[in-house]
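J.: If you count by the working numbering, then the sequence shown holds residues 1 to 262, one letter each, in order.
Every residue, glycine too, gets a C-beta built ideally from N, C-alpha and C.
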Amino acid sequence: MFHYDDVYNVWLTVAKDKFQFGNNEFESPQLWKRKLINYGYKVIDHSLDNVFFYGFISSWQMDIMKVSKCFSLNSTFGISSRSNEVLYSLVVRHPDTGKGVPVGYLLTNDQSVTPVLEWLTFFRDHCSMQPEKITVDCSIPEAEAIISAYPDCVYCGGVDSEEHFVWSCPFKHEIWQTISSRFFVDPAKLTYSLIQLPPSSDVEVAPSLSVTYLDIIASVLLFLWQLHWKFIFEDHQSWTQEVVARATRQILKIHNSRLLQG
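1) When the Cβ atoms of the region 105-124 are set against those of the region 177-184, are three or more pairs found closer than 8 Å?
2) Note down, in chain order, each residue of its chain lying with its Cβ closer than 6 Å to the Cβ of residue 180, except the 5 sequence neighbours on either side.
3) Could you name each continuous alpha helix (DSSP H) segment of 4 residues or more that falls completely within the region 63-149, going from the start of the chain to the end?
4) For residue 119, tell me which candidate among 66, 63, 54, 91 has the shortest Cα-Cα distance.
5) Excluding the 5 residues flanking residue 192 on each side, which residues of the same chain have their C-beta closer than 8 Å to its C-beta?
6) What separation, rounded to the nearest whole angstrom, lies between the Cα atoms of residue 208 and residue 220?
7) For the alpha helix (DSSP H) that contains residue 172, what are its first and last residues?
8) Buried or exposed: which applies to residue 172, given that a residue is buried once 16 or more other Cβ atoms fall within 10 Å of its Cβ?
9) Alpha carbon to alpha carbon, what distance is there between residue 227 and residue 144?
10) In the DSSP output, what is residue 44 paired with across the bridge?
11) Does DSSP put residue 203 in a helix, a strand or coil?
12) When the Cβ atoms of the region 92-100 are set against those of the region 63-77, are three or more pairs found closer than 8 Å?
13) For the alpha helix (DSSP H) containing residue 151, name the first residue and the last one.
14) Under the rule that 16 or more other beta-carbon atoms within 10 Å means buried, what is residue 13, buried or exposed?
15) How is the alpha helix (DSSP H) around residue 29 delimited, first residue to last?
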């Protein structure tokens, strides 16, 4: 009969022979690095003051990465007894099988933006990673890393930022111009600063409407984000006028509701 200790000892022997190349946990990755590079892998690593990250990609993964445009950035926690360690992976749709396949890994004990940013920048500069879309969970560091590594707007190719995304991208600006001309007395008064920091009193809305300035702004932002995610996840292309149409319906719905309320 086998006992737990027997199984553990067998596993420990295999571990030392197959993947634990050094007694020191910081020494073993360096030995792995040399071994992987000899097999055609590309490796990025960093270690300082007990903070580390270690990323790698094989030659066949690079071949798939070069032809891929849509990526999913996944994070796996609880991979060791140390709660702060996390494994990141980039997954794409395989061009032949249609199934998900990982094309890169990053192991780190630093959950800030830095490791993911360095990793993505490495893939951009050395592995021909040129994504059109990268999906993530609700992670601020991951989102910031993507924006920093790939700052170009997915719609117009300009340098992306919060202001550009909401306002100055030509596609978004067209939306605001159309809505302004429909609902504001003086459309030219609408600026990004008024969207970002709404005034304490309403900007003048067309007197025939029972809606406020904030009703209009909120309606546009709601459908701008909804249609943006349809573009990202469903490749929904013709959406600029759809944002205008949906926001207009929402604004008129609010107007009619208030008329009925008296």
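T.: Well, looking at it:
1) No: the two stretches stay apart, fewer than three of their Cβ pairs being nearer than 8 Å.
2) 187, 190
3) 113-126, 140-149
4) 54
5) Within the same chain, residue 192 has close Cβ partners 163, 166, 167, 168.
6) 19 Å
7) 170-183
8) buried
9) Going by the C-alpha atoms only, they are around 21 Å apart.
10) 55
11) coil
12) Contact annotation: the region 92-100 touches the region 63-77, with at least three C-beta pairs closer than 8 Å.
13) Taken as a continuous stretch (DSSP letters only), residue 151 belongs to no alpha helix (DSSP H), as it is neither H nor E.
14) exposed
15) 27-38
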